[in-house]
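Visitor:
There are 2 protein chains.
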Amino acid sequence: MASVSLSLHAIPGLPLIAPGDDLAGLIEEALRKCGLGLMDDDIVVVAQKVVSKADGLYVELDSVEPSQRARDIAAQVGKDPRHVEVVLREAEEVVKVGPHVIVVAHKLGFVMANAGIDESNIEHANGSRVLLLPRDPDGSASVLKARLDQMFGVSCGVVINDSFGRPWRNGVVGVAIGAAGMPALVDRVGAEDLFGRTLKVTEIAVADEIASAASLMMGQANEGLPVVLIRGYRPTAPARPAASLIRSRERDMFR
Amino acid sequence: MASVSLSLHAIPGLPLIAPGDDLAGLIEEALRKCGLGLMDDDIVVVAQKVVSKADGLYVELDSVEPSQRARDIAAQVGKDPRHVEVVLREAEEVVKVGPHVIVVAHKLGFVMANAGIDESNIEHANGSRVLLLPRDPDGSASVLKARLDQMFGVSCGVVINDSFGRPWRNGVVGVAIGAAGMPALVDRVGAEDLFGRTLKVTEIAVADEIASAASLMMGQANEGLPVVLIRGYRPTAPARPAASLIRSRERDMFR
């Protein structure tokens, strides 16, 4: 009996991404050059950072005037007040403040450290700048999917991933902040287990698992590999966006 | 330029696991039968459930006398008081109690729902029984690694995975509760990014990403595929157990 297999490929040959770059076009070229192309049900995982860069979502810290609240939090956590100000502008709610970290609910709904803003792997011309999350990651994923589908004559999935820390566990893992053409969340309500009992575990965060798998290939510092192709995943549920992964306040015991 | 690739294989042919079964022997047989064998640096991911079953870690609920505290919590969350009693016996600390869920710090250190005890995919002979986590998952992973290494004449990695829910995000994802022969946590302190700045993200939970990738292949209900082989991962750090993934109380903002 043959094994069921899945393959992940870190796609080489992408240049450093600059504002205005045609990300779909660059991904197409890289996929063709490495000989993999794109097939039905392939999932293309793209690092958040390159989507944000193509969208030019930089903020120059010299242009930011921190509020009193930002100054207070900055003093408390040991951060640049201008950086904190940008975090607060991105946030809907501050969930928790700790040493060097401000856990917020981003306006997109994701609860995350520092509103997803980091300063690594960003070119610095004159002074410091930071990079924001894509304004609409599910929308960006949909656009990438539509372009790639059209270029290759297939129907693929796209996931935009980022690295999040977690309560209770050390280390960051890849998570999905955008998804299109694949089931970000799979509902198992009513599915029966091998012994015919109804499963109580109801939902699987498939897009987060895909994002983590791709993150293994991307590494953390190597911006040369921001695109990973996943081939062989067979979706068993309808497509749902990454927004479906956001736990509603009413169902959340930890905020 | 060729892509860097990783492949995941769900290994067919494992029988339902019973107490006392030789799990390493059964995995060896399945790996040989499907033609994959085992190579240096391969990572074998094994579902927690089959490790616990081989170890016979069942508790018959009829034999459990719930304490008053278990009765109180059971009434509050809507669970069987005997089940709650078993959860409490497995726990070092109750972190949070909510509808149908008791988030505890397991004696092993993992903060998780219901002390990792679930009732799905367990054969029921006379009345209800539940299955506990392995008593020492890192130790179980080490034993499996040693046996498989010896059988195949290689040096492999082993991860024991489970599915955990998370705060703030819907759905469960695969996480590592045991690891051997691979770096569960990779420390990036001092690593430089592409632009020569020191990275602030310091640790990557590689074993959790491996566990999530494997979980994609295992599915949630299909106990027929509890072993996944991961081929092509190149470890860049020394081996560390899954215990390194447990965030210390002092560094934890959420308990």
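Here the protein sequences come in this chain order: A and B.
In terms of my numbering, the first sequence opens at residue 3 and continues consecutively.
In terms of my numbering, the second sequence opens at residue 3 and continues consecutively.
The beta-carbon is built from N, C-alpha and C at its ideal position, and this holds for glycine as well.
Compare the beta carbon distance of Ala215(B) and Glu211(A) with 8 Å and say whether it is the shorter of the two.
Guide: Position 213 of the second sequence, counting from 1, holds the residue named residue 215(B). Position 209 of the first sequence, counting from 1, holds the residue named residue 211(A). A Cβ-Cβ contact shorter than 8 Å links Ala215(B) with Glu211(A).
Visitor: What does Tyr60(A) touch in chain B if you count any residue whose Cβ is under 7 Å from its own?
Guide: Numbered from its first residue, the first sequence carries residue 60(A) at position 58. Result: empty, since nearest Cβ-Cβ is about 14 Å, beyond 7 Å.
Visitor: Candidates Arg71(A), Gln50(A), Gly159(A), Met184(A): which alpha carbon is nearest Gly118(A)'s?
Guide: Taking the first residue of the first sequence as 1, we reach residue 118(A) at position 116. Taking only the C-alpha atoms, the option nearest Gly118(A) is Gln50(A).
Visitor: With DSSP as the reference, identify every bridge partner of Val66(B), one or two as the case may be.
Guide: Residue mapping note: residue 66(B) aligns to position 64 of the second sequence, counting from 1. None; Val66(B) has no bridge partner.
Visitor: Starting from the beta carbon of Leu1(A), find every residue of chain B whose beta carbon is closer than 8 Å, and list them in chain order.
Guide: Shown here, chain A extends from 3 to 257; a query on residue 1(A) therefore has no answer.
Visitor: Starting from Arg233(B), trace the beta strand (DSSP E) both ways and give me its first and last residue.
Guide: Within the second sequence, numbered from 1, the residue matching residue 233(B) stands at position 231. 229-233 is the span of the beta strand (DSSP E), which, as asked, contains Arg233(B).
Visitor: Consider the Cβ of Ala12(A): report whether some Cβ of chain D lies at a distance smaller than 8 Å.
Guide: Absence of chain D from the displayed structure is noted, the protein chains being A and B.
Visitor: According to DSSP, is Ala186(A) part of a helix, a strand, or is it coil?
Guide: In the first sequence, counting from the first residue as 1, residue 186(A) sits at position 184. If DSSP states are grouped into helix, strand and coil, Ala186(A) belongs with coil.
Visitor: Is the shortest distance between the beta-carbon of Glu205(A) and the beta-carbons of chain B less than 8 Å?
Guide: Counting from one through the first sequence, the residue named residue 205(A) turns up at place 203. Output row for Glu205(A): interface = yes.
Visitor: Distance check for Pro136(A) and Tyr60(A), CA to CA, integer angstroms please.
Guide: As a first step, residue 60(A) is located in the first sequence; it is residue number 58 there, counting from the start. As a first step, residue 136(A) is located in the first sequence; it is residue number 134 there, counting from the start. If I take the Cα positions, the gap works out to 11 Å.
Visitor: Along the chain, where does the alpha helix (DSSP H) that runs through His108(A) open and close?
Guide: Translated into the one-based positions of the first sequence, residue 108(A) becomes position 106. His108(A) -> not in any alpha helix (DSSP H); beta strand (DSSP E) instead, spanning 103-108.
Visitor: How many angstroms separate the CA atom of Pro237(A) from the CA atom of Val106(A)?
Guide: Within the first sequence, residue 237(A) is the residue found at index 235, counting from 1. Within the first sequence, residue 106(A) is the residue found at index 104, counting from 1. Going from the Cα of Pro237(A) to the Cα of Val106(A) covers about 32 Å.
Visitor: Looking only at its chain, what residues have a beta carbon closer than 6 Å to the beta carbon of Glu30(B), apart from the 5 residues adjacent to it on each side?
Guide: In the second sequence, counting from the first residue as 1, residue 30(B) sits at position 28. Excluding residues within five positions, the ones whose Cβ falls inside 6 Å are Met153.
Visitor: Just the C-alpha distance for Pro17(A) and Asp23(A), rounded to the nearest angstrom, thanks.
Guide: Residue numbering aside, residue 17(A) sits at position 15 when the first sequence is read from its first letter. Residue numbering aside, residue 23(A) sits at position 21 when the first sequence is read from its first letter. Near 10 Å, if we compare the C-alpha coordinates of Asp23(A) and Pro17(A).
Visitor: Cα separation between His108(A) and Met114(A)?
Guide: Here residue 108(A) corresponds to residue number 106 of the first sequence, with the count starting at 1. Here residue 114(A) corresponds to residue number 112 of the first sequence, with the count starting at 1. If I take the Cα positions, the gap works out to 7 Å.
Visitor: Under 8 Å, do Asp64(B) and Arg233(B) count as touching if we go by C-beta distance?
Guide: For the purposes of this step, residue 64(B) is taken as residue 62 along the second sequence, with counting starting at 1. For the purposes of this step, residue 233(B) is taken as residue 231 along the second sequence, with counting starting at 1. Taking 8 Å as the Cβ cut-off, Asp64(B) and Arg233(B) do not qualify as a contacting pair.
Visitor: Give the interface partners of Ser1(A) over in chain B, defined as CB-CB distance under 7 Å, in chain order.
Guide: Look at the range of chain A in this structure, 3 to 257, and you will see that residue 1(A) is not part of it.
Visitor: Quick one: which chain B residues come within Cβ less than 8 Å of Lys98(A)?
Guide: Residue mapping note: residue 98(A) aligns to position 96 of the first sequence, counting from 1. Correct list: Met255, Phe256.
Visitor: Taking all protein chains shown into account, do 16 or more other C-beta atoms lie within 10 angstroms of the C-beta of Lys35(A), making it buried, or fewer, making it exposed?
Guide: As a first step, residue 35(A) must be located in the first sequence, where it is residue number 33. Label assigned to Lys35(A): exposed.
Visitor: Drop a sphere of 10 angstroms on the beta-carbon of Val97(A), count the other beta-carbons inside from all chains shown, and report buried for 16 or more, exposed for fewer.
Guide: Here residue 97(A) refers to the residue found at position 95 when the first sequence is read from its first residue. With 16 or more Cβ atoms within 10 Å of its Cβ, Val97(A) is classed as buried.
Visitor: Can the beta-carbon of Val161(B) be found closer than 8 Å to that of Gly141(B)?
Guide: Position 159 of the second sequence, counted from the first residue, corresponds to residue 161(B). Position 139 of the second sequence, counted from the first residue, corresponds to residue 141(B). Going by C-beta atoms, Val161(B) is not nearer than 8 Å to Gly141(B).
Visitor: Taking the beta strand (DSSP E) that Gly27(A) belongs to, which residues open and close that run?
Guide: Position 25 of the first sequence, counting from 1, holds the residue named residue 27(A). It is not in any beta strand (DSSP E) - Gly27(A) instead sits in the alpha helix (DSSP H) that spans 25-35.
Visitor: Drop a sphere of 10 angstroms on the beta-carbon of Asn123(A), count the other beta-carbons inside from all chains shown, and report buried for 16 or more, exposed for fewer.
Guide: Within the first sequence, numbered from 1, the residue matching residue 123(A) stands at position 121. Note that Asn123(A) has pLDDT 48, beneath the 50 cutoff, so the model's placement of it is unreliable and the number below is only indicative. By the 10 Å Cβ count, Asn123(A) comes out buried.
Visitor: Going by the C-beta, is Asn116(B) closer than 7 Å to any heavy atom of the ligand ATP?
Guide: Only the bare structure without any ligand can be found here, which leaves the ligand ATP out of the picture.
Visitor: Check whether the stretch 245-254 of chain A touches the stretch 72-87 of chain A, taking contact to mean three or more Cβ pairs, one atom from each stretch, closer than 8 Å.
Guide: no
Visitor: What three-state label does DSSP hand Phe166(A) in the structure shown?
Guide: Translated into the one-based positions of the first sequence, residue 166(A) becomes position 164. Three-state result, Phe166(A): strand.
Visitor: In whole angstroms, what is the alpha-carbon distance linking Leu187(A) and Pro101(B)?
Guide: Counting from 1 along the first sequence, the entry for residue 187(A) is found at position 185. Counting from 1 along the second sequence, the entry for residue 101(B) is found at position 99. Each residue's alpha carbon lies about 21 Å from the other.
Visitor: Can you give the Cα-Cα distance for Phe256(B) and Arg168(A), rounded to whole angstroms?
Guide: The residue you call residue 256(B) lines up with position 254 of the second sequence. The residue you call residue 168(A) lines up with position 166 of the first sequence. In a straight line, the C-alpha of Phe256(B) is about 10 Å away from that of Arg168(A).
Visitor: Note down, in chain order, each residue of its chain lying with its Cβ closer than 7 Å to the Cβ of Asp164(A), except the 5 sequence neighbours on either side.
Guide: What you label residue 164(A) is simply residue 162 of the first sequence in a count that begins at 1. Excluding positions up to five away in sequence, the list reads Gln50, Gly118, Val177, Ile179.
Visitor: Among Met41(B), Gly221(B), Gly111(B), which one has its Cα closest to the Cα of Pro243(B)?
Guide: Here residue 243(B) refers to the residue found at position 241 when the second sequence is read from its first residue. Checked all of Met41(B), Gly221(B), Gly111(B); the closest Cα to Pro243(B) is Gly111(B).
Visitor: Using only alpha-carbon positions, find the residue among Ser130(B), Leu10(B), Ala245(B), Leu134(B) that is nearest to Ala182(B).
Guide: Position 180 of the second sequence holds residue 182(B). Among Ser130(B), Leu10(B), Ala245(B), Leu134(B), the Cα nearest to that of Ala182(B) is on Ala245(B).
Visitor: Using a beta-carbon distance below 8 Å, is Gly176(B) in contact with chain A?
Guide: Start at 1 with the first residue of the second sequence, and residue 176(B) comes out as number 174. Yes, its Cβ sits closer than 8 Å to a Cβ of chain A.
Visitor: Can you tell me whether DSSP reads Ile248(B) as helix, strand or coil?
Guide: Taking the first residue of the second sequence as 1, we reach residue 248(B) at position 246. Of the three classes helix, strand and coil, the one that applies to Ile248(B) here is strand, per DSSP.
Visitor: Ordered along the chain, which non-local residues of its own chain (more than five positions away) have a Cβ less than 7 Å from that of Val88(A)?
Guide: Here residue 88(A) refers to the residue found at position 86 when the first sequence is read from its first residue. Around Val88(A): Val61, Val66, Ile119, Val132.
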